[in-house]
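Trainee:
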Amino acid sequence: MTAPETSIKNRPQFINVRVLRQDEPGAKSYWELHKIKYEREMNVISVLQRIAAQATTVDGKKVTPVAWDCGCLEEVCGSCTMVINGRVRQSCSALVDRLLADNPDEIVLEPMTKFPVVRDLMVDRARLFRSLKRIQGWVPVDSYYNLGPGERIPREDQERNYPLSQCMSCGCCLDACPQYQKIELTQNEGESDEEFEQRQNAEFDEAFIGAAAISQAMLFNNHPTGKALAAERLEALSGPGGITTCGNAQNCVAVCPKEIPLTRSIARTGRATTLHAIKKWFER
Ligand code: SF4
Ligand code: SF4
Ligand code: FES
Numbered sequence: 042m043t044a045p046e047t048s049i050k051n052r053p054q055f056i057n058v059r060v061l062r063q064d065e066p067g068a069k070s071y072w073e074l075h076k077i078k079y080e081r082e083m084n085v086i087s088v089l090q091r092i093a094a095q096a097t098t099v100d101g102k103k104v105t106p107v108a109w110d111c112g113c114l115e116e117v118c119g120s121c122t123m124v125i126n127g128r129v130r131q132s133c134s135a136l137v138d139r140l141l142a143d144n145p146d147e148i149v150l151e152p153m154t155k156f157p158v159v160r161d162l163m164v165d166r167a168r169l170f171r172s173l174k175r176i177q178g179w180v181p182v183d184s185y186y187n188l189g190p191g192e193r194i195p196r197e198d199q200e201r202n203y204p205l206s207q208c209m210s211c212g213c214c215l216d217a218c219p220q221y222q223k224i225e226l227t228q229n230e231g232e233s234d235e236e237f238e239q240r241q242n243a244e245f246d247e248a249f250i251g252a253a254a255i256s257q258a259m260l261f262n263n264h265p266t267g268k269a270l271a272a273e274r275l276e277a278l279s280g281p282g283g284i285t286t287c288g289n290a291q292n293c294v295a296v297c298p299k300e301i302p303l304t305r306s307i308a309r310t311g312r313a314t315t316l317h318a319i320k321k322w323f324e325r
């Protein structure tokens with residue numbers, strides 16, 4: 042990660058950071074303005090660390106530290122994803138000098154819009170992980186025995202699969218998708234955790250699955266062992282909230298930080314589900 046060159050005269054002394062905060066799930070959100078000292082080569086995570094250390098707003102009010110998620114700090118885990126100056130992206134790779142070059146007045150931080158807020162900038166991406174279960178996004182190898190070397194993957198398939206394998210389940214493609222609507226349920230009184238999870242999963246399974254899982258289905262369907270579940274994956278993508286819900290707006294591909302060819306995966310899925318339906322019809 043290299044910082045863009047910013048001329049010294051353009052470097053401010055302080056940075057204004059506006060944060061959309063929320064104290065708990067379902068609570069009303071509110072804006073808070075923080076001011077931190079400018080340092081060279083900061084990213085948004087280091088801005089949040091300074092804000093947490095100060096825990097004081099621009100007008101001197103003592104506040105609880107802003108909460109956010111992060112893991113790898115090198116755009117691999119996807120957990121630090123948030124909306125930065127109106128664009129969904131990873132906060133670890135969002136460089137302050139570059140943000141200030143675009144908007145010298147302030148940096149605006151908001152949680153992702155399509156997932157329930159846990160607190161401040163932390164969201165619950167359970168639906169995204171549920172969608173990977175929905176398409177059985179894995180290679181089905183389950184044995185204690187030595188199965189020997191796997192089948193060779195032709196170079197052409199390696200080249201086709203590698204870009205798709207870079208998905209880090211960050212959820213940017215879902216946040217930007219007009220067909221992907223937020224689902225936020227609350228646990229009823231007397232409802233056990235298991236009952237709530239079941240009700241939530243049932244709701245997730247009817248709603249649009251989104252570009253990330255569609256693309257992962259194409260990745261595993263093009264793997265020599267993964268393709269054992271190809272028909273089940275296509276079946277899942279043919280049902281409610283599957284491929285036909287995609288409106289082809291292409292926002293997903295525009296925001297994917299890994300530049301995964303999502304619209305190509307969507308087109309491949311469209312063809313594969315059609316062939317799957319024809320095959321099923323002949324097998325009746
Ligand atoms: S192409 Fe489909 S998945 Fe991508 S943003 Fe548009 S509707 Fe969503
Ligand atoms: S496809 Fe791209 S934007 Fe979507 S979850 Fe994967 S890495 Fe993130
Ligand atoms: S902390 Fe892992 S992607 Fe940012």
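Our numbering puts the first residue of the sequence shown at 42, with every later residue one more than the last.
Just so it is clear, CB atoms sit at the ideal spot from N, CA and C, and this is done for glycine as well.
Quick check: is the beta carbon of K103 nearer than 7 Å to any beta carbon in chain C?
Mentor: No chain C is present in this structure, which holds just one protein chain.
Trainee: Give the secondary structure of L150 by DSSP, where H, G and I count as helix, E and B as strand, and everything else as coil.
Mentor: Counting from one through the sequence shown, the residue named residue 150 turns up at place 109. The answer is strand: DSSP assigns L150 an E or B state.
Trainee: Would you mind reading off the limits of the alpha helix (DSSP H) that contains T314?
Mentor: Position 273 of the sequence shown, counted from the first residue, corresponds to residue 314. Note, T314: alpha helix (DSSP H), 303-324.
Trainee: Can the beta-carbon of E82 be found closer than 7 Å to that of Q177?
Mentor: On the sequence shown, position 41 is the one that residue 82 refers to. On the sequence shown, position 136 is the one that residue 177 refers to. Taking 7 Å as the Cβ cut-off, E82 and Q177 do not qualify as a contacting pair.
Trainee: Look at C208 and A253 and say whether their C-beta atoms are less than 7 Å apart.
Mentor: Within the sequence shown, residue 208 is the residue found at index 167, counting from 1. Within the sequence shown, residue 253 is the residue found at index 212, counting from 1. In this structure, A253 lies closer than 7 Å to C208 by Cβ.
Trainee: Using a threshold of 6 Å, is the CB atom of Q177 nearer than that to any non-hydrogen atom of ligand 3?
Mentor: For the purposes of this step, residue 177 is taken as residue 136 along the sequence shown, with counting starting at 1. No; taking the cut-off as 6 Å, the Cβ of Q177 has no heavy atom of ligand 3 nearer than that.
Trainee: Could you please give the first and the last residue of the uninterrupted alpha helix (DSSP H) stretch that includes N263?
Mentor: Residue numbering aside, residue 263 sits at position 222 when the sequence shown is read from its first letter. N263 -> no alpha helix (DSSP H), and no H or E assigned at all.
Trainee: When DSSP builds the beta bridges, which residues end up paired with V99?
Mentor: Here the question's residue 99 lines up with position 58 in the sequence shown. The partner list for V99 (beta bridge, DSSP) is empty, contrary to what the question assumes.
Trainee: Tell me, please, which residues DSSP counts as bridged to W72.
Mentor: Taking the sequence shown and counting its residues from 1, the one referred to as residue 72 is at position 31. According to DSSP, W72 bridges with L61.
Trainee: Quick one: measure Cβ to Cβ for N57 and E192, integer angstroms, because I've assumed they're closer than 8 Å.
Mentor: The sequence position of residue 57 within the sequence shown is 16, counting from 1. The sequence position of residue 192 within the sequence shown is 151, counting from 1. Going by Cβ atoms, the distance from N57 to E192 rounds to 56 Å, so no, they are not a contact pair.
Trainee: Would you check whether ligand 1 has a heavy atom nearer than 6 Å to the C-beta of A167?
Mentor: Translated into the one-based positions of the sequence shown, residue 167 becomes position 126. No.
Trainee: When we look at the beta-carbon of T314 and count the other beta-carbons within 10 Å, is it buried (16 or more) or exposed?
Mentor: If you number the sequence shown from 1, residue 314 lands on position 273. Buried is the call here.
Trainee: Quick one: is E116 buried, meaning 16 or more other Cβ sit within 10 Å of its Cβ, or exposed?
Mentor: Here the question's residue 116 lines up with position 75 in the sequence shown. Per the 10 Å Cβ criterion, buried.
Trainee: Is it the case that the CB of K174 approaches a heavy atom of ligand 2 more closely than 6 Å?
Mentor: The count along the sequence shown starts at 1 and reaches residue 174 at position 133. No - ligand 2 has no heavy atom lying nearer than 6 Å to the Cβ of K174.
Trainee: May I have a chain-ordered list of the alpha helix (DSSP H) segments no shorter than 4 residues that lie completely inside the stretch 80-139?
Mentor: Counting only runs of 4 or more, we get 85-95.
Trainee: I'd like the list of long-range same chain contacts for V16, defined as Cβ closer than 6 Å, with 5 residues on each side in sequence excluded.
Mentor: There is simply no residue 16 to check, as the chain begins at 42 and stops at 325 in what is shown.
Trainee: For ligand 3, enumerate in chain order all residues having a CB closer than 6 Å to any of its heavy atoms.
Mentor: Result (chain order): C111, G112, C113, L114, E116, V117, C118, G119, S120, C121, Q131, C133.
Trainee: Could you tell me if the beta carbon of G288 falls within a distance shorter than 6 Å of some heavy atom in ligand 1?
Mentor: Residue mapping note: residue 288 aligns to position 247 of the sequence shown, counting from 1. Yes, since a heavy atom of ligand 1 falls inside the 6 Å radius drawn around the Cβ of G288.
Trainee: Which same chain residues end up closer than 8 Å to G267 when comparing Cβ atoms and leaving out the 5 residues on each side of it in sequence?
Mentor: As a working mapping, residue 267 is identified with position 226 in the sequence shown. Same-chain partners within the cutoff: W179, V180, P181, L260, F261.
Trainee: Quick check: is any heavy atom of ligand 1 less than 6 Å from the C-beta of C218?
Mentor: In the sequence shown, counting from the first residue as 1, residue 218 sits at position 177. Correct: C218 has its Cβ closer than 6 Å to ligand 1.
Trainee: Considering only DSSP beta bridges, list what M163 is partnered with.
Mentor: Position 122 of the sequence shown, counted from the first residue, corresponds to residue 163. Per DSSP, R160.
Trainee: How is the alpha helix (DSSP H) around Q239 delimited, first residue to last?
Mentor: Here residue 239 refers to the residue found at position 198 of the sequence shown. Residues 234-247.
Trainee: Leaving aside the five residues before and after N202 along the sequence, list all residues of the same chain whose C-beta is less than 8 Å from its C-beta, in chain order.
Mentor: Indexing the sequence shown from 1 puts residue 202 at position 161. Closer than 8 Å at the Cβ level, and outside the excluded window around N202, lie I194, L260, N263, H264.
Trainee: Could you give the residue range of the alpha helix (DSSP H) that holds V294?
Mentor: Taking the first residue of the sequence shown as 1, we reach residue 294 at position 253. Segment 292-296, the alpha helix (DSSP H) holding V294.
Trainee: Kindly examine ligand 2 and report whether one of its heavy atoms sits closer than 6 Å to the Cβ of L209.
Mentor: Walking along the sequence shown from the start, residue 209 turns up at place 168. Per the sequence presented here, residue 209 reads as Met, with Leu not at that position. For ligand 2, at least one heavy atom lies less than 6 Å from the Cβ of M209.
Trainee: Does the beta-carbon of A44 have 16 or more other beta-carbons within 10 angstroms, so that it is buried, or is it exposed?
Mentor: In the sequence shown, counting from the first residue as 1, residue 44 sits at position 3. Legend: pLDDT at A44 = 47, less than 50; position of this residue unreliable, no value from coordinates given.
Trainee: Mind checking which residues open and close the alpha helix (DSSP H) that includes P202?
Mentor: By 1-based counting over the sequence shown, the position of residue 202 is 161. The sequence shown places Asn at residue 202, rather than the Pro named in the question. Note, N202: alpha helix (DSSP H), 196-206.
Trainee: State the CB to CB distance for the pair V296 and A217, rounded to an integer number of angstroms; the pair is presumed to be in contact (CB under 8 Å).
Mentor: Counted from its first residue, the sequence shown places residue 296 at position 255. Counted from its first residue, the sequence shown places residue 217 at position 176. That belief holds up - the Cβ atoms of V296 and A217 are roughly 4 Å apart, short of 8 Å.
Trainee: Kindly indicate which three-state DSSP category I284 falls into: helix, strand or coil?
Mentor: As a first step, residue 284 must be located in the sequence shown, where it is residue number 243. Helix at I284.
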